[in-house]
Structures are given as structure tokens and as C-alpha cells.
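Here's the structure, in C-alpha cells; my notes come after.
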Amino acid sequence: MKIIEKIKKLFSNTYFNIALIFALAGLVLYFTLKNDGEAVIRTLKNVSVPGLIVLIGLMVFERFLLGWGLASECRLTHPKYTNLQGFVNAYTAGLFNNITPGASGGQLAQGYIFRKQGIPVSNSVGVLWLDFIVYQTTMCLFVLLLILLKFGYFYANYSQFFILVIFGFLVGAAIIVFLWVLAVSPKFYTWLSTSGISIGAKLHIIKDKEQALVSLNNQLMQFSHEIVVLKMHKKLIFILGLEDFLRLLIYYSVPFLSAMVLGIPVTPSMYLDMLALSSFVAMINAFLPMPGSSGGTEATFVLMFGTIFTGTQAASIMLVWRFVTFYQVLIVGCIVFLYARTRKDVPLEIPKPSAVDESVIRSLEEEKVL
1 MKIIEKIKKL FSNTYFNIAL IFALAGLVLY FTLKNDGEAV IRTLKNVSVP
51 GLIVLIGLMV FERFLLGWGL ASECRLTHPK YTNLQGFVNA YTAGLFNNIT
101 PGASGGQLAQ GYIFRKQGIP VSNSVGVLWL DFIVYQTTMC LFVLLLILLK
151 FGYFYANYSQ FFILVIFGFL VGAAIIVFLW VLAVSPKFYT WLSTSGISIG
201 AKLHIIKDKE QALVSLNNQL MQFSHEIVVL KMHKKLIFIL GLEDFLRLLI
251 YYSVPFLSAM VLGIPVTPSM YLDMLALSSF VAMINAFLPM PGSSGGTEAT
301 FVLMFGTIFT GTQAASIMLV WRFVTFYQVL IVGCIVFLYA RTRKDVPLEI
351 PKPSAVDESV IRSLEEEKVL
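All residue numbers in the sequence shown are consecutive under this note's numbering, ending with 370.
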């Protein structure tokens, strides 16, 4: 047990995780260049610098979209919250999602930045819940559409990976379905808060029954609150859904655009295939426990894209894709986070209950959540 605790403590160390990421990146680079390194380097030398700058700018815009969405949600209770503050928060999320195992540190870091920006914990938790609900739902619908459009082709050609893709999609969809059922079904909640937690305790999945019940109540309270917010701000939620859809479209398009920047021949007919492959790589990466899914991400990418490109081309595209989507966020995110840490804290402004807040409370009471 002591060894396990030491390992957990080690992986919770930010500096260790950053060092591990770069160590794994070096290992991946070594194996990538080991056999056909000269060919990969020749391909990388063909990169269009203006095109690469545009591609990086596109990913910065993706972060800006997330920041705009967070700012829009914050302005429901804090009208003075700016898009720039949201942008700082978005890069902080990207940084800590990249350097923590299973992307587990992003929301904690966002909460810290929200606090420095004058957003109370009670409000920031609601913003992060709402962001999670809308993003997770949009992503599941996006990936479902790609699976339905390309199921036959990818199942026939990527059967060894496709099962993991389907499983990853089902896990994501199950989380959303579980939360909705939990919020709208008193019977299911009663079972989970009694028999379900008892079963978990007997199986040693849950260590502290009382703490688990308190946590469940708090989570249900917050989720139910955000469901009411969803109902009351349908126009905003629709816009946030479009924002998340555009973010996903940008992110999943990077491999196709990376090939273009490298001068590797691609056709419009390949775009949907590469879009789907990129989303499938993301689905598989969700199961990789290393910080930033380093090592496994690169290998999965090369294996999957190696079926429509040569090994040299797939490796070259992977290096550009990984730099633009991961290391760029890591580098810029560090700068942004260090900047945010040195800024003077904005005094907390606890908003007075509004008509919206009172309506939310009434709705929660009617649904017997309060």
C-alpha cells in the first residue's frame, strides 16, 4: 500500500508529470525516426511556415472559443466577466488537462483561476458543470454521427481499434445518460443512495459511505441546478453547443490540415475519413492513464493513419498534429497560467439573488431536490 501511495503522490506532482511528458515525447520521437528518420525529416522540411502559423492560430482560436463560452456562462451571474478572462481560463484548463493523468486536473485549476478572477466557488462549480454537460453531449452527438456515417468502412478496416472506439463512445454517452436519469428519477436516486452505495462499500469500491452520500447529494444538487439553467437559457445553450461543435470540428480537422501544410497529397474525399479517424484517436486516448496520454497517443495515431498514408507520411503528420494540438497548448498554457498567478486577485463579488436565481430555487423545490 505504501508503494501505491508513493506512486499516486509522484503522479500528482506537476513537475514530475511535465518531465514525464517530455521524456515520453523523446522516446516516441526516437522510435519514430529510428527506421526512416531521414525520410520523415525530409517531409518535415517541406512544411509551409505560413500554413503552420495559420494552423497554430486556428488552435489558439479554438481556445478562444472555449474562453468565450466560459465567459458567456459566467456573465449570467457576473456581467463584468470578460472574454480575456475566459481565454486565460481556457488555456489553464488545456495546460492542466495535458499534465495530469486522465486529464483530471483541468477543472481544479480552472476553479483556482475563477477564484482569482473574482468568481466564487459556488458559481464556478456551476459554470464548470454546465460546460461539461453541453460539451459532453455535443461530443457524443458529433462522434455518433461520424460512427453512423463511416461504421461499415471503419469496422472492416479498423476492427482491432473500432471496438475501443465504440466502447469509449458508450462510456461518454453513459455518463450523460446516468446524470440525466439520476436527476429526473427519484427511484433511481433512492436506490443509488441506499443499496447502490452499500454494494459499492461491500466491494471496497467506496471507502466512506457517509462521505460518498454527501458527495452524491452535492453533485445531484449542482447538476439539477444546471438542468434548470439549461431550460431557462435555451438560446445560450444552443449557441454554446454550436461553439463546442466548431471546436471539435477544428480539433479533428488538424490531421487533414497538417497533411496539407506538409505538402502531402490529400483530396476532399479523404476529409471525412480523416475527421473520423481523428475523433477515434481521441476516443481511444480517453483510456490512456499517462499525463497527456503521451506515448500511446502518438502510437495510436500512426497505426490508424498508417492505413491511408505511408509510414513516413503518417509519422510526419503526427508530429505536426501533436505539436499544434498538444505542445502548443502546453507552452502557451504555461505562460498564460504563470501570468494569471502573478495577477492581483479580483475581490469576490457575490451577486444578489435575481429573478433567475429565485426561479431556479423554485424549480429545484418543485423537483424535490431542495
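Ideal Cβ positions, reconstructed from N, Cα and C, are used throughout, including at glycine.
Query                                                                                                                                                                                         : Result
Which same chain residues, not among the five before or five after SER371, have their C-beta less than 6 Å away from its C-beta?                                                              : A question about residue 371 goes unanswered here, because the residues of the chain that appear run from 1 up to 370.
By a C-beta neighbour count over all protein chains shown, 10 Å radius and 16 as the cutoff for buried, is PRO50 buried or exposed?                                                           : exposed
Relative to the alpha-carbon of HIS255, which residue among ASP244, ASP273, LEU240, PHE245 has its alpha-carbon at the smallest distance?                                                     : A small fix is needed here, since residue 255 is Pro in this sequence, not His. Checked all of ASP244, ASP273, LEU240, PHE245; the closest Cα to PRO255 is ASP273.
Between which two residues does the alpha helix (DSSP H) containing PRO79 stretch?                                                                                                            : Unbroken run through PRO79: none, as it is neither H nor E.
Do you know how far the Cα of ILE56 is from the Cα of GLN328?                                                                                                                                 : 8 Å
Looking only at its chain, what residues have a beta carbon closer than 6 Å to the beta carbon of LEU330, apart from the 5 residues adjacent to it on each side?                              : ASN98
With ASP273 as the anchor, note down where its alpha helix (DSSP H) starts and where it stops.                                                                                                : 268-285
How would you label GLU62, buried or exposed, when you count the other beta carbons within 10 angstroms and need 16 or more for buried?                                                       : buried
I want to know whether the segment 240-252 touches the segment 295-314 - three or more CB-CB distances under 8 Å.                                                                             : no
Using a 10 Å radius around the Cβ and a threshold of 16 neighbouring Cβ atoms, would you call TYR339 buried or exposed?                                                                       : exposed
Going by C-alpha to C-alpha distance, which of LEU76, ALA156, PHE323, TYR153 sits closest to HIS233?                                                                                          : LEU76
Roughly how far, in whole angstroms, is the beta-carbon of CYS74 from the beta-carbon of VAL127, given that I think they are within contact range, below 8 Å?                                 : 6 Å
In chain order, what residues of the same chain lie with their CB nearer than 7 Å to the CB of LEU246, ignoring the 5 residues before and after it?                                           : LEU65
Starting from the C-beta of LEU52, find all residues in its chain whose C-beta is less than 6 Å away, skip the five residues before and the five after it, and write them out in chain order. : VAL261
Compute the Euclidean distance between the alpha carbons of MET318 and ASN46, then round it to the nearest angstrom.                                                                          : 15 Å
What residue from PHE280, LEU84, ALA93 has the CA that sits closest to GLY172's CA?                                                                                                           : PHE280
Restricting to Cα atoms, I'd like to know which of ASP36, ALA93, CYS140, THR297 is closest to VAL332.                                                                                         : ALA93
Along the chain, where does the alpha helix (DSSP H) that runs through GLY105 open and close?                                                                                                 : GLY105 -> no alpha helix (DSSP H), and no H or E assigned at all.
Please tell me whether SER278 and TYR252 are closer than 8 Å, where the distance is taken between their beta carbons.                                                                         : yes
Who are the near neighbours of VAL336 in its chain, counting only those whose CB is closer than 6 Å to its CB and skipping five residues on each side?                                        : VAL88, TYR91
Please state the DSSP three-state secondary structure of VAL127.                                                                                                                              : helix
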